[in-house]
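Using the working numbering, count along the sequence shown one by one with no gaps and you end on 369.
Even glycine gets a Cβ: it sits at the ideal position worked out from N, Cα and C.
The block underneath contains the structure these notes are about, expressed in structure tokens.
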Amino acid sequence: MNSIFNQLPPPITIEPQMLSWLVLAALAGFVLAMALTPVYTYFAFTYEAWKRVRQSTTSGEKAPVFHKLHQEKHQRNIPTMAGVVIVVSVAVVTLLFNYDQAQTLLPLLALVAAGSVGLVDDLINIRGEGTGVAGLRSRLKFWLILSIAAGVSVYAFVKLGYVSLAVPFLGQVPLGWGLVPLFILVILASANAVNITDGLDGLAGGLSTIVFGVYSIIALLQGNMGIAVFCATVVGVMLSYTWFNIYPARFFMGDSGSFALGTTLGVIALLTDTVLLLPIIGAVFVLEAGSSSIQLLSKRLRGRKIFHSAPLHHHFEAMGWPETKVTMRFWVLGSVSGTIGLMIAIWGGQL
Numbered sequence: 019m020n021s022i023f024n025q026l027p028p029p030i031t032i033e034p035q036m037l038s039w040l041v042l043a044a045l046a047g048f049v050l051a052m053a054l055t056p057v058y059t060y061f062a063f064t065y066e067a068w069k070r071v072r073q074s075t076t077s078g079e080k081a082p083v084f085h086k087l088h089q090e091k092h093q094r095n096i097p098t099m100a101g102v103v104i105v106v107s108v109a110v111v112t113l114l115f116n117y118d119q120a121q122t123l124l125p126l127l128a129l130v131a132a133g134s135v136g137l138v139d140d141l142i143n144i145r146g147e148g149t150g151v152a153g154l155r156s157r158l159k160f161w162l163i164l165s166i167a168a169g170v171s172v173y174a175f176v177k178l179g180y181v182s183l184a185v186p187f188l189g190q191v192p193l194g195w196g197l198v199p200l201f202i203l204v205i206l207a208s209a210n211a212v213n214i215t216d217g218l219d220g221l222a223g224g225l226s227t228i229v230f231g232v233y234s235i236i237a238l239l240q241g242n243m244g245i246a247v248f249c250a251t252v253v254g255v256m257l258s259y260t261w262f263n264i265y266p267a268r269f270f271m272g273d274s275g276s277f278a279l280g281t282t283l284g285v286i287a288l289l290t291d292t293v294l295l296l297p298i299i300g301a302v303f304v305l306e307a308g309s310s311s312i313q314l315l316s317k318r319l320r321g322r323k324i325f326h327s328a329p330l331h332h333h334f335e336a337m338g339w340p341e342t343k344v345t346m347r348f349w350v351l352g353s354v355s356g357t358i359g360l361m362i363a364i365w366g367g368q369l
């Protein structure tokens with residue numbers, strides 16, 4: 019009887035030096051983020067950059083359940099906008115040690131551009147302006163992130179030669195210009211999903227660490243060292259952030275962090291030709307964004323809610339789950355889905 023292990027794909031040679039670069043990149047990101055954190059906290063507390071609890075969403079709808087769940091948290095005056103530390107740390111390490119026009123230029127530009135959009139949103143939130151103190155209007159944020167996604171997608175098609183889509187177990191499917199709207203959709207969805215997920219202490223930080231860790235391995239196995247090192251840098255920075263963000267959070271990343279991470283994640287999926295695997299690797303992000311969409315559609319079409327509160331992590335909170343229980347169980351789900359996605363990438367010919 020033939021063993022299933024006889025059907026494994028041929029081994030991929032990984033030099034010890036490659037792993038050393040990943041570890042060094044992660045350490046560099048971690049140390050730099052740790053060093054910048056006291057600078058950020060000094061200014062955040064000095065200028066009272068508190069995240070304000072929203073009375074309504076950016077679309078103008080009331081959010082009574084959310085307000086009830088998180089009023090006490092925001093009375094503690096927890097600063098936001100720590101995403102600036104994430105963006106600056108990743109950018110500095112990349113520019114100094116890992117800049118490559120073919121592999122790291124696009125994710126770096128996406129990180130900075132989307133982070134800038136989020137920064138403006140955070141500043142408006144801090145000042146208490148806008149609808150319900152929720153920041154920029156959803157429509158404006160959509161168009162700004164759409165512009166970034168469109169620029170990245172067109173550049174990848176025209177300059178980098180991305181003309182086909184990798185389908186696991188089937189191979190490459192040529193789509194030509196049809197890839198551009200698909201790439202735009204993926205980047206938009208990724209940015210929105212991570213932003214929606216950032217609602218509990220440590221949740222988005224831990225999940226981002228897991229997902230970028232998986233993509234670092236995928237890129238390494240593909241031989242895309244620039245992307246692998248970039249993702250490892252993000253992992254190191256996010257470990258530093260999560261150290262301070264786990265319950266009870268010292269500060270929040272804000273939209274400057276969640277938009278930056280989500281947009282960059284979509285770009286990484288594009289560059290590693292694993293667009294169809296992203297919903298599996300980042301399955302928790304998909305569940306979070308999907309629950310919000312389902313809730314919105316249900317209220318508009320049926321006049322009532324499906325979940326106690328959306329996204330999904332607030333639903334479990336409203337059911338009585340402690341915040342830490344929701345966060346850690348979502349981390350477990352994220353680890354499982356990331357592992358499944360990695361195995362599909364290996365077995366499905368994505369490497």
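Buried or exposed (CB count within 10 angstroms, at least 16 for buried), M19: Along the sequence shown, one-based indexing puts residue 19 at 1. Confidence in M19 is poor, its pLDDT being 47 and thus under 50, which makes the residue's placement unreliable; the coordinate value appears in the next sentence. With fewer than 16 Cβ atoms within 10 Å of its Cβ, M19 is classed as exposed.
Cα-Cα separation between S182 and V191, rounded to whole angstroms: Taking the first residue of the sequence shown as position 1, residue 182 is located at position 164. Taking the first residue of the sequence shown as position 1, residue 191 is located at position 173. Taking the straight line joining both Cα atoms gives about 5 Å.
Close-in-space but distant-in-sequence residues of the same chain around T345 (CB under 6 Å, 5 per side omitted): In the sequence shown, the residue the question calls residue 345 occupies position 327. Closer than 6 Å at Cβ, skipping near neighbours: L218, G220, L221.
DSSP state of V229 mapped onto helix, strand, coil: Reading the sequence shown from its first residue, position 211 is the one you call residue 229. Under the three-state reduction of DSSP output, V229 falls in the helix class.
Cut-off 8 Å between Cβ atoms - residues of its own chain near V105, not counting five sequence neighbours on either side: As a first step, residue 105 is located in the sequence shown; it is residue number 87 there, counting from the start. Closer than 8 Å at Cβ, skipping near neighbours: L129, V130, G133, S274, G275, A278.
Residue burial classification, L188 (beta-carbon count within 10 angstroms, cutoff 16): Here residue 188 refers to the residue found at position 170 of the sequence shown. A residue is called buried once 16 or more other Cβ atoms fall within 10 Å of its Cβ, and L188, having fewer, is exposed.
Separation of D216 from S309, as counted between CA atoms: As a position in the sequence shown, residue 309 is number 291, starting the count at 1. As a position in the sequence shown, residue 216 is number 198, starting the count at 1. In a straight line, the C-alpha of S309 is about 14 Å away from that of D216.
Extent of the continuous beta strand (DSSP E) run through S182: Position 164 of the sequence shown, counted from the start, is the residue given in the question as residue 182. 182 to 185 is the span of the beta strand (DSSP E), which, as asked, contains S182.
Assigned exposure category for S38 - 16 Cβ within 10 Å defines buried: As a position in the sequence shown, residue 38 is number 20, starting the count at 1. Its Cβ having fewer than 16 others within 10 Å, S38 is exposed.
For V191: DSSP bridge partner residues: Along the sequence shown, one-based indexing puts residue 191 at 173. V191 pairs with L183.
Short Cβ contact (8 Å threshold) for A100 with M271: Residue numbering aside, residue 100 sits at position 82 when the sequence shown is read from its first letter. Residue numbering aside, residue 271 sits at position 253 when the sequence shown is read from its first letter. In this structure, M271 lies closer than 8 Å to A100 by Cβ.
Inter-stretch contact at 8 Å, needing at least 3 Cβ pairs: the segment 246 to 261 / the segment 294 to 312: no
Residues bridged to P34 [DSSP beta-bridge criterion]: Translated into positions along the sequence shown, residue 34 becomes position 16. Per DSSP, P34 has no beta-bridge partner at all.
Inter-residue CB distance, T290 and I205 (contact presumed, cutoff 8 Å): Position 272 of the sequence shown, counted from the first residue, corresponds to residue 290. Position 187 of the sequence shown, counted from the first residue, corresponds to residue 205. T290 to I205, Cβ: 14 Å. No contact.
CA-to-CA distance, A62 to M361, given in whole angstroms: In the sequence shown, residue 361 corresponds to position 343, counting from 1. In the sequence shown, residue 62 corresponds to position 44, counting from 1. Near 42 Å, if we compare the C-alpha coordinates of A62 and M361.
Cβ pair V198, L162 closer than 8 Å: Position 180 of the sequence shown, counted from the first residue, corresponds to residue 198. Position 144 of the sequence shown, counted from the first residue, corresponds to residue 162. No, they are not a contact pair.
Closer than 7 Å: V41 CB and nearest the ligand FMN heavy atom: The model on display carries no ligand, and the ligand FMN is accordingly not part of it.
Test item: CB-CB of I286 and C249 under 8 Å: Taking the sequence shown and counting its residues from 1, one reaches residue 286 at position 268. Taking the sequence shown and counting its residues from 1, one reaches residue 249 at position 231. Contact flag set, yes.
Rounded separation between F175 and W195 - CA only: For this step, residue 175 is matched to residue 157 along the sequence shown. For this step, residue 195 is matched to residue 177 along the sequence shown. So the alpha carbons of these two residues sit roughly 8 Å apart.
N- and C-terminal bounds of the alpha helix (DSSP H) containing F270: Counted from its first residue, the sequence shown places residue 270 at position 252. Note, F270: premise wrong, no alpha helix (DSSP H); not H, not E.
Where the alpha helix (DSSP H) containing K159 begins and where it ends: Within the sequence shown, residue 159 is the residue found at index 141, counting from 1. Per DSSP, K159 belongs to the alpha helix (DSSP H) from 156 to 176.
Cutoff 6 Å; reference G148; Cβ partners in own chain excluding five residues on either side: Looking up residue 148 in the sequence shown gives position 130. Caution is warranted here: a pLDDT of 46 is assigned to G148, below 50, making its placement in the model unreliable, and no coordinate value can be reported.
Cβ-Cβ distance between W68 and L225 below 8 Å: For the purposes of this step, residue 68 is taken as residue 50 along the sequence shown, with counting starting at 1. For the purposes of this step, residue 225 is taken as residue 207 along the sequence shown, with counting starting at 1. Not in contact: W68 and L225 (Cβ atoms no closer than 8 Å).
Element boundaries [alpha helix (DSSP H), containing I104]: What you label residue 104 is simply residue 86 of the sequence shown in a count that begins at 1. Run containing I104: 101 to 115, per the alpha helix (DSSP H) assignment.
Option in M36, S355, L319, T55 with minimal Cα separation from L257: For the purposes of this step, residue 257 is taken as the residue at position 239 of the sequence shown. Ranking the options by Cα distance to L257, first place goes to T55.
Backbone secondary structure at P340 - three-state DSSP: Stepping through the sequence shown from its first residue, residue 340 is reached at position 322. Correct three-state label for P340: coil.
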